[in-house]
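Undergrad: Input: one structure, supplied below.
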DNA sequence: AGTAGAACCTGAGCGC
DNA sequence: TGCGCTCAGGTTCTAC
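Residue numbers (my numbering): 93 to 400.
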C-alpha cells in the first residue's frame, strides 16, 4: 500500500502508538530488505524514545530522542501491524497456531509499557499502547529500513534527490513549468519521477490525469508553455484533490491490505480509471470506455475521449 | 540526455 | 488439483 496517501495513513496510525513511546526490544529476523540493515540496527534502536513521526514523500521518518532517525519505505508490499500490549489481538492475523511469526514478518518493535514512559510528550496517549507490539510485514521485501545519524537526514542519498512534496507549498505552476520545459517524456512518466514531484505513484497519477483531463501520453513539455498555464493549474489542482480525497478515505486497499489498526482504506471505491479498463468513463457526458495501455512497463488507465 | 526494459522478490488470479 | 503465465501500490541499474 505504498503511495503518498497510504503512507500518510500509516504514519497517522503509528503516530498515536509510537510517538512518545520507548522502544524496549527489537527483533531483527533477517539481514535486510531491499538493502541490508545498518550495523547493530536493533541494539541501536533499543532504549530510544520515538519523539516524532513524520512523512517525506513515501518515506516514514521516526525521529528518536538521540536525534537519529529511523527511515522506512514500504516498497510495494510493506505494512505495519500494531497489537496492543494485552496479549495478541486479532488472533491468526500474523501468528499461526504455534505462535510463531508470519513468514514475512521481518522486524518486530516491542514498545515499553506506558509506566516506563515518564517522558511521554503531552500529545501522546499514555494508556494507548501498553507494551504495544509493532510488526513489519513485507513479502516482496522491496521495502527499506535505515537508521540515519543526527544531522544526516537532509543529505541522505534516498531523500536528497526527491523533488517537491506533492502536497507541499512548492508544487506550483512556475515550478512545473521549469521542470517540464523541453521534456519529451510522457506526462505519466514525468509525474511518476520522484525527482520532480515526490509522493505520486501509479494509481494516483492515473486518477489525477483523468480528473485534469490530460492524456498520459502527452509530452510533458507541452504543458510548460504559457499557453498551457490553465491546463497546468488543472493538473496541480487534480493532484492535490486526488491525494487529499484519498487520505480522507484512509488510502486505497488493494487485495488484502489492512492498515496498522486493522482498518482498510476505501478510496479504491472512488477510482475513476485505475483498474477499470473496459468500463465506461465516469464522466456521464462522455460515453467512451476506459482504456488500458503500458507505459514504461506499468499499466496506465485513461479515457481517450476526456483526456487530451 | 533521456528513455525503455530488466531486475529485485513473492503471491494472487486466471486459463487450460 | 496443478501448472504456467501475467500482473501487482516502487525504485534502481543497464542497455540502447
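For every residue, glycine included, the Cβ atom is placed at its ideal position computed from N, Cα and C.
Could you tell me whether the Cβ atoms of residue 126 and residue 201 are closer together than 9 angstroms?
TA: No. Outside cutoff.
Undergrad: Measure the beta-carbon distance from residue 382 to residue 344 and round it to whole angstroms, keeping in mind my assumption that it falls under 8 angstroms.
TA: Wrong, their Cβ atoms sit about 17 angstroms apart, outside the cutoff.
Undergrad: For the beta strand (DSSP E) holding residue 238, just list the boundary residues, first then last.
TA: Start and end: 236-240.
Undergrad: Would you decide whether residue 103 is buried or exposed? Buried here means 16 or more other CB atoms lie within 10 Å of its CB.
TA: When all chains shown are included, residue 103 counts as buried.
Undergrad: Any idea if residue 168 is buried or exposed, counting beta-carbon neighbours within 10 angstroms, 16 or more meaning buried?
TA: Answer is exposed; the Cβ neighbour count stays below 16.
Undergrad: Starting from residue 393 and walking both ways along the alpha helix (DSSP H), at which residues does that stretch end?
TA: No alpha helix (DSSP H) contains residue 393, which is instead part of the beta strand (DSSP E) from 390-394.
Undergrad: Can you name, in chain order, every residue of its own chain whose Cβ lies under 6 angstroms from the Cβ of residue 390, other than the five neighbours on each side?
TA: 294.
Undergrad: Please state whether DSSP places residue 361 in a helix, a strand or coil.
TA: DSSP places residue 361 in helix when its eight states are reduced to three.
Undergrad: Pop quiz: residue 236 and residue 263 are said to be a contact at Cβ under 8 angstroms. What is the actual Cβ separation, rounded to whole angstroms?
TA: Going by Cβ atoms, the distance from residue 236 to residue 263 rounds to 24 angstroms, so no, they are not a contact pair.
Undergrad: Would a C-beta distance cut-off of 9 angstroms place residue 148 and residue 230 closer than the cut-off?
TA: The answer is no: Cβ separation not under 9 angstroms.
Undergrad: Please list the terminal residues of the continuous alpha helix (DSSP H) segment that includes residue 163.
TA: Counting along the chain, residue 163 falls outside any alpha helix (DSSP H), though it belongs to the beta strand (DSSP E) covering 161-165.
Undergrad: For residue 155, which beta-bridge partners are listed by DSSP?
TA: BP columns for residue 155 point to 144, 161.
Undergrad: Buried or exposed: which applies to residue 393, given that a residue is buried once 16 or more other Cβ atoms fall within 10 Å of its Cβ?
TA: Flag for residue 393 reads buried.
Undergrad: Looking at the unbroken alpha helix (DSSP H) that takes in residue 168, where does it start and where does it end?
TA: Unbroken run through residue 168: none, as it is neither H nor E.
Undergrad: Among 278, 196, 388, which one has its Cα closest to the Cα of residue 228?
TA: Checked all of 278, 196, 388; the closest Cα to residue 228 is 196.
Undergrad: Please list, in chain order, all residues of the same chain as residue 232 whose beta carbon is under 6 angstroms from its beta carbon, the five residues on each side excluded.
TA: Taken in chain order, the residues that qualify are 168, 169.
Undergrad: Using the Cβ count rule (16 or more neighbours within 10 Å means buried), how would you classify residue 372?
TA: So residue 372 counts as exposed.
Undergrad: Measuring CB atoms only, is the stretch 134-146 touching the stretch 100-115, in the sense that at least three cross pairs come out at less than 8 angstroms?
TA: Contact holds: three or more Cβ-Cβ distances are below 8 angstroms.
Undergrad: Taking the beta strand (DSSP E) that residue 387 falls in, what are its first and last residues?
TA: Segment 383-387, the beta strand (DSSP E) holding residue 387.
Undergrad: Give me the Cα-Cα distance between residue 243 and residue 305, rounded to the nearest whole angstrom.
TA: One C-alpha to the other measures close to 42 angstroms.
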